[in-house]
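Below: the structure, in structure tokens.
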Ligand code: GRF
């Protein structure tokens, strides 16, 4: 089977990107990251991609007069790389419905909470303030809402009484680094399909070659 071609959008540290690139390189997933894009010139994610000799580009929103023009450029670059899936990994901008429809490939995101709880910014802080005993992370398809798309997979971590935002974020992040590559591997095997907003994970033996 051909490798899945992935584009990744990231604004910052890029540790999820790193986990995905490592999994690709080590052959743990049948996929390759073909381009990494950021809205931040100095995003560590871009450096990480360059170290793997993967095209890494900043498309700076400040250089565009409108959001439409910015997203149009993003879309052009992504289309130029013939991509199967677009992965958001810490991309700190909300994509418009025009982009989501126009890019014409499925978009995935990873969020550091058990959605639908604690969507939006500062999910770990929200979880601590609410007093939940468990939190975790979610990989979901992106729809036109914020963190509302169909849920593909989740991982759970305990929340301890003495947790800080940082300690909880770190515990969740370790799970994120496992979960995102696992989901990509399922995609590459054609094991994920959507029925309405429910995502079905097909058993391996039910996949016809
Ligand atoms: C992660 O916590 C992810 O869930 C959220 O943004 C963070 C990105 O971290 N969407 P990194 O840039 O992948 O290290």
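In this note's numbering, the protein residues as written are 2 to 210.
Note that beta-carbon positions come from the ideal geometry of N, C-alpha and C, so glycine has one too.
Only a predicted model underlies this, so the values are computations on that prediction, with no experimental measurement involved.
Look at the Cβ atom of residue i, then the Cβ atom of residue j, and state whether they are nearer than 8 Å.
i, j, result
"residue 5", "residue 185", "yes"
"residue 62", "residue 85", "no"
"residue 32", "residue 7", "yes"
"residue 112", "residue 148", "yes"
"residue 151", "residue 194", "no"
"residue 38", "residue 75", "yes"
"residue 129", "residue 169", "yes"
"residue 192", "residue 208", "yes"
"residue 22", "residue 53", "yes"
"residue 145", "residue 107", "no"
"residue 134", "residue 166", "no"
Alpha carbons only, please: which of the options is nearest the one belonging to residue i?
i, options, result
"residue 176", "166, 168, 158, 187", "158"
"residue 9", "44, 127, 36, 136", "36"
"residue 64", "42, 49, 48", "42"
"residue 155", "178, 127, 167, 94", "178"
"residue 48", "82, 13, 29", "13"
"residue 160", "120, 145, 124", "124"
"residue 2", "190, 120, 200", "190"
"residue 15", "172, 44, 94", "44"
"residue 102", "205, 73, 11", "73"
"residue 82", "100, 89, 56", "56"
"residue 88", "188, 26, 205", "188"
"residue 71", "172, 118, 100", "100"
Less than 7 Å separating the Cβ of residue i from some heavy atom of the ligand GRF?
i, result
"residue 16", "yes"
"residue 162", "no"
"residue 180", "no"
"residue 113", "yes"
"residue 146", "no"
"residue 130", "no"
"residue 138", "yes"
"residue 91", "yes"
"residue 50", "no"
"residue 46", "yes"
"residue 167", "no"
"residue 10", "no"
Measure the beta-carbon distance from residue i to residue j and round it to whole angstroms, keeping in mind my assumption that it falls under 8 Å.
i, j, result
"residue 109", "residue 143", "7 Å"
"residue 17", "residue 91", "6 Å"
"residue 180", "residue 140", "6 Å"
"residue 58", "residue 78", "7 Å"
"residue 29", "residue 182", "6 Å"
"residue 153", "residue 200", "5 Å"
Return yes when the C-beta of residue i is under 7 Å from any heavy atom of the ligand PLP, and no when it is not.
i, result
"residue 59", "Annotation note on the ligand PLP: not contained in the displayed structure, which lists the ligand GRF as its ligands."
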